[in-house]
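According to the numbering used here, the sequence shown is numbered sequentially starting from 288. Take a look at the structure below.
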Amino acid sequence: MKLTIIVPAFNEEAYLRPTLRSIRSAAEELRGQADVSVDIIVVDNASEDGTAALARHLGAAVIHEPVQGIARARNAGAHHAAGDVLVFFDADVIVPRNVLVAIGQAMRDRACIGGGVDVDYRPQLLSVRLYLRAWRHFARLTGMVQGAAQFCRKDVFEQVGGYDESVWIGEDVDFFWSLRKLARRTGRNVRFLREPRVTPSCRRFDKWPVWKTLVWTNPVFIGLFRRWKPVWKGWHSNAVR
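This is the structure in structure tokens:
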């Protein structure tokens, strides 16, 4: 089994180092498994800082996707991937040492076509912490799995058409739902790993006013405006750094 780790990155020089180090640490946990190998691709998504140079310095392969959009970046990484299993981590996520072991174990089951990993947000404000905890329960009820950490077989990625490049948010949820639909049609399954959890950056939730978090993460607001690029500048092109 070969795992290709794909990390989409736009101006992530300040956050990428700990992410890649945590991924390297997780890869080291697989060293005793002779039939498993790992490579890492960082997709430089039109960065204007030292993201690409830092990624190369830390030993990752770097490809360039000049048109901004996290879905495009993930798809570009998948196109260049040599692995038969694709693992997508966001550029500001810290992964635990045993996460790749857990993903590898899930994918040893030939009936499993892919899945996602639970997240552990740790914002500073108690009110935001409680809100995100409620969001987590809502996501469980509706089968939403975030793109902070997702994985699938490469042939399955191609079957479902990858990530939807026409939306600016929620492409990760759509992708997981597509995996789940394919699994149902073909008598296979997807896995949601509740443990271990990855830890995404809370920079947005710590620096934004609470009202902005409540609006921009509201599922109705997302549903109405997810295809309008100008609405999501604060999520992508003008993201909190």
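For each residue, glycine too, the CB sits at the ideal point set by N, CA and C. Note that this is a predicted model, so its numbers are computed, not measured.
* **Where the alpha helix (DSSP H) containing ASN362 begins and where it ends** => Residues 357 to 367.
* **Identity of the residue in ASP377, GLY319 and LEU373 nearest ASN331 by Cα** => This sequence places Asp at residue 331; Asn is not what is there. Nearest of ASP377, GLY319 and LEU373 to ASP331, Cα basis: ASP377.
* Classify GLU315 as buried or exposed, calling it buried when 16 or more other Cβ atoms lie within 10 Å of its own Cβ. => A residue is called buried once 16 or more other Cβ atoms fall within 10 Å of its Cβ, and GLU315, having fewer, is exposed.
* Count the other CB atoms, across all protein chains shown, that sit within 10 Å of the CB of GLY319; report buried if there are 16 or more and exposed otherwise. => Exposed.
* CB contact below 9 Å: ARG304 versus chain B -> No chain B appears in this structure, which consists of one protein chain only.
* Return the bridge partner residues of CYS439 from the DSSP annotation. => Beta-bridge analysis with DSSP links CYS439 to LEU373 and GLY401.
* **Same chain, Cβ closer than 7 Å to PRO487, five either side skipped, listed in chain order** => ASP377, ASP379, VAL380, VAL406, TYR408 and ALA435
* **CA-to-CA distance, VAL325 to TYR450, given in whole angstroms** => 22 Å
* To do: Can you tell me which of GLN411, LEU469, THR504 and ILE456 puts its alpha carbon nearest to the alpha carbon of CYS489?
  => GLN411
* To do: Could you check if TRP529 is buried or exposed, using at least 16 other CB atoms within 10 Å of its CB as the buried criterion?
  => With the chain running from 288 to 528 in the structure shown, residue 529 is simply not present.
* **Boundaries (first-last residue) of the alpha helix (DSSP H) holding ALA310** => Going by the sequence as given, residue 310 is Ile instead of Ala. Start and end: 300 to 315.
* To do: Write down the C-beta distance between ILE293 and ARG343 rounded to the nearest angstrom, noting that I regard them as a contact closer than 8 Å.
  => For ILE293 against ARG343, the beta-carbon gap comes to about 16 Å, at or over 8 Å, which does not count as contact.
* Asked: Buried or exposed: ASN298, going by 16 or more other Cβ atoms within 10 Å of its Cβ?
  -> buried
* What number of angstroms, rounded off, separates the C-alpha of GLN446 from the C-alpha of SER414? -> 41 Å
* Who are ASN476's beta bridge partners in DSSP? -> CYS399
* What did DSSP end up calling ARG513 once you bin it into helix, strand or coil? -> coil
* **Paired residues, beta bridge with THR291 - DSSP** => ASP326 and LEU373
* Asked: Rounded to a whole number of angstroms, what is the C-alpha to C-alpha distance between TRP503 and ASP322?
  -> 43 Å
* **Rounded Cβ spacing between PHE438 and VAL388 (contact assumed at less than 8 Å)** => About 13 Å separates the two Cβ atoms, so there is no contact after all.
* Does the beta-carbon of SER334 have 16 or more other beta-carbons within 10 angstroms, so that it is buried, or is it exposed? -> Its Cβ being crowded by 16 or more others within 10 Å, SER334 is buried.
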